[in-house]
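Going from the sequence shown to the working numbering is simple: count from 1 and add 31. For reference, the structure discussed in these notes is given below.
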Amino acid sequence: MKIYVVSHKKYLFPSDWSFLPIQVGDGEKISEDALSDHSNDNISQLNTSFCELTAVYWIWKNSQDDIVGLAHYRRYFSSQRRELTVKGKPIASGDELLGHLEQNDILVAKPRNYFITSIKSHYIHAHHQSDYDQLRNEIALQHSDYLADFDKIMNGTKISLYNMFVCKKALIDQYFSWLFPVLFALEQKIDYQNYDTYQKRVFGFMAERLFNVWLHHHKDSLKIKYLPVVNIDGENLFLKGIGLLKRHFWGKK
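If you want it as structure tokens, here you go:
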């Protein structure tokens with residue numbers, strides 16, 4: 032098993048057998064043992080718009096591990112055990128994650144509930160509605176049997192974020208094979224090159240939603256365990272809430 036920790040800069044990574052840093056972007060090498068999404072079969076050149084998905088693509092095409100996972104340099108699945116910590120915050124170790132997989136098929140982030148707004152409305156207020164419309168059209172074109180799942184997720188208020196997971200590679204490969212043709216088609220249709228730095232990350236944002244759509248479609252055949260996520264640098268949830276209100280009620284992106 033390998034949990035690939037995506038990072039674009041040097042940082043403090045977990046000292047556990049299961050975690051391996053993978054570098055995205057063109058910065059200084061993040062650690063001596065880090066892999067690079069520039070190597071082998073890759074889409075590293077798309078990192079500014081695909082975000083951690085360039086690492087995801089590398090895992091899909093190049094990893095030979097039986098079980099794989101994705102974490103971020105600041106975000107990990109959390110733990111109550113304190114067997115493994117980063118910056119004093121307890122995170123789930125490789126052994127703990129394997130224990131969860133004994134009774135489950137896939138581990139993903141505990142959903143965030145937006146309460147006052149749907150996932151569709153949140154996306155439209157935070158990003159471009161034309162992108163949302165293109166996304167739905169592409170699902171209808173490539174995967175019409177998932178369209179009901181798409182609408183169910185988008186009209187709801189809960190969503191698992193960060194594109195994080197741990198599961199057998201054979202399983203997540205099924206998702207990657209479904210996901211990337213959708214994103215590559217949209218990459219040719221959306222004029223994202225003229226977006227600002229934040230909005231240019233459009234395909235990473237879309238993938239967060241699409242992972243939930245794919246999981247919903249397979250919910251009856253998969254045992255899904257939702258785990259809390261910890262940000263080892265901390266998060267100001269009050270400011271995030273204020274930002275949500277501004278976007279929803281005043282249209283400020």
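Every residue, glycine too, gets a C-beta built ideally from N, C-alpha and C. On a predicted model such as this, the values are computed, not experimentally measured, just so you know.
- ALA123 and PRO259 have their C-alpha atoms some 10 Å from each other.
- Annotation: LYS60 is outside any beta strand (DSSP E) and is labelled neither H nor E by DSSP.
- For GLU239, the number of other beta carbons within 10 angstroms of its own is at least 16, and it is reported as buried.
- Pairing SER62 with LYS33, the inter-Cα distance amounts to about 16 Å.
- With respect to the 8 Å criterion, THR85 and THR148 are not classified as neighbours on the basis of their beta carbons.
- The beta carbons of VAL55 and ASP68 sit about 5 Å from each other, so the pair counts as a contact at 8 Å.
- Less than 8 Å separates the beta-carbon of VAL139 from that of MET195.
- Beyond the five residues adjoining it in sequence on each side, GLU59 comes within less than 8 Å, by CB distance, of LYS40, LYS41 in the same chain, given in chain order.
- For HIS159, the secondary structure class from DSSP, reduced to helix, strand or coil, is coil.
- Under the 8 Å Cβ criterion, the segment 209–216 counts as touching the segment 165–173, having at least three qualifying pairs.
- DSSP places ASN93 within a helical segment (H, G or I) once states are collapsed to three.
- In this structure, the alpha-carbon of ILE155 lies about 18 Å from that of GLU218.
- With a contact defined as Cβ atoms closer than 8 Å, HIS247 and LYS200 miss out at about 22 Å.
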